[in-house]
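To keep things clear, I will list the structure first and then write my remarks on it.
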Amino acid sequence: VAVLRADALGKTYAEGRMRTPVFDGLDLAVMPGQTVAIVGASGAGKSTLLHLLGGLDTPTSGEVYVSGQRMSSLSDAARGRLRNQSLGFVYQFHHLLPEFTALENVMMPVMLGGADAQAASHKAKALLESVGLGHRLEHKPGELSGGERQRAAVARALVNKPACLLGDEPTGNLDEKTAAVVFDLMLELNRAQGTSLVLVTHDRRLAAKLDRTLELRSGRLYPLERAELAG
Ligand code: ADP
Ligand code: ADP
5 VAVLRADALG KTYAEGRMRT PVFDGLDLAV MPGQTVAIVG ASGAGKSTLL HLLGGLDTPT
65 SGEVYVSGQR MSSLSDAARG RLRNQSLGFV YQFHHLLPEF TALENVMMPV MLGGADAQAA
125 SHKAKALLES VGLGHRLEHK PGELSGGERQ RAAVARALVN KPACLLGDEP TGNLDEKTAA
185 VVFDLMLELN RAQGTSLVLV THDRRLAAKL DRTLELRSGR LYPLERAELA G
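Here full-length UniProt numbering is used: the first residue of the sequence shown is 5, the next is one more, and so on.
Written out as structure tokens, the structure reads:
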């Protein structure tokens with residue numbers, strides 16, 4: 005079963021009399037372990053699509069299924085639980101809580117899932133070590149470099165072993181070299197844990213490292229061939 009499926013998805017923003025149609029009839033299926041890049045011009049609707057796939061916003065029409073469960077059929081609480089268990093999120097800016105250490109930031113989703121502090125600390129430490137931050141456990145986000153902060157954000161997103169990681173320009177704020185390191189880290193975790201990846205990126209060279217690249221254009225997703233990515 006697909007970890008993530010969009011079925012005839014439509015979204016129109018309405019503010020007063022202003023209507024902004026973003027897409028209508030968009031389909032997508034992401035299989036377990038599959039890695040998908042989403043590219044497209046600014047304003048094409050990439051962030052909107054990720055928000056709908058992640059259950060942060062509701063579609064105007066169509067359905068999103070996470071691990072086979074129809075999002076619109078769930079209560080807010082059940083949708084929250086499914087998101088916390090099945091999905092991880094990484095953004096361009098890390099969204100770590102500034103007053104907490106790297107370790108505490110990564111422990112939080114585990115404790116939200118009901119684990120006690122000791123179990124959460126154990127898991128969080130192991131993952132921070134595997135992303136190369138074993139020596140930064142007690143540092144707060146302000147005391148980490150940009151690349152270290154993004155690695156901590158990736159650790160936080162993956163600590164509950166979600167079926168799928170959703171990333172909105174997860175390396176967009178990093179220099180080229182650090183971006184490649186963080187991108188490769190997500191690919192390593194994909195191989196090690198089988199986590200599917202759906203990553204919005206404007207960097208076609210990074211996109212070419214994933215199984216599929218889809219371009220969002222005029223409200224639809226179009227597959228791009230390797231050759232188009234290289235060119
Ligand atoms: P992208 O991520 O590809 O740059 P977005 O998903 O952010 O595109 O935006 C797609 C379109 O929807 C744009 O025209 C944008 O102005 C519009 N839009 C995004 N968010 C909102 C919102 N909250 N209210 C109204 N319009 C929005
Ligand atoms: P942007 O303006 O590019 O969307 P923001 O800094 O405003 O970036 O926030 C990033 C995204 O995080 C927002 O779009 C918001 O919808 C999302 N977000 C808000 N609350 C949560 C949450 N509890 N879990 C995951 N993502 C969230």
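Even for Gly, the Cβ is constructed at its ideal location relative to N, Cα and C.
Minimum Cα-Cα distance from residue 47 among the listed residues 86, 204, 182 corresponds to 204. Ranking 184, 34, 19, 207 by CA distance to the CA of residue 10 puts 34 first.
Within 10 angstroms of the beta-carbon of residue 200 lie 16 or more other beta-carbons, which makes it buried. The straight-line gap separating the alpha-carbon atoms of residue 185 and residue 175 is approximately 9 Å.
Across the structure, residue 225 and residue 30 are spaced so that their CA atoms are roughly 7 Å apart. Membership of residue 23 in the beta strand (DSSP E) is indicated by the continuous run 22-34. Checking the DSSP bridge columns, you'll see residue 14 partnered with 28, 65.
Residue 94 sits buried, since 16 or more C-beta atoms from the chains shown fall within 10 Å of its C-beta. A distance criterion of 7 Å places the beta-carbon of residue 19 in contact range of ligand 1, judged by its closest non-hydrogen atom. If you ignore the 5 residues before and after residue 59, its C-beta comes within less than 8 Å of the C-beta of 68, 70, 75, 83, 86, 87, 91, all in its own chain and listed in chain order. In its chain, beyond the 5 residues on either side, 106, 109, 145, 153, 156, 157, 160 have a beta carbon closer than 8 Å to the beta carbon of residue 100.
The straight-line gap separating the alpha-carbon atoms of residue 137 and residue 124 is approximately 16 Å.
Taken in chain order, the complete alpha helix (DSSP H) segments of 4 residues or longer contained in the region 98-128 are 106-116. Per DSSP, residue 158 is one residue of the alpha helix (DSSP H) stretching across 150-162. Every beta strand (DSSP E) stretch that sits fully inside the region 175-224 and reaches 3 residues is listed by chain position as 200-204, 216-221.
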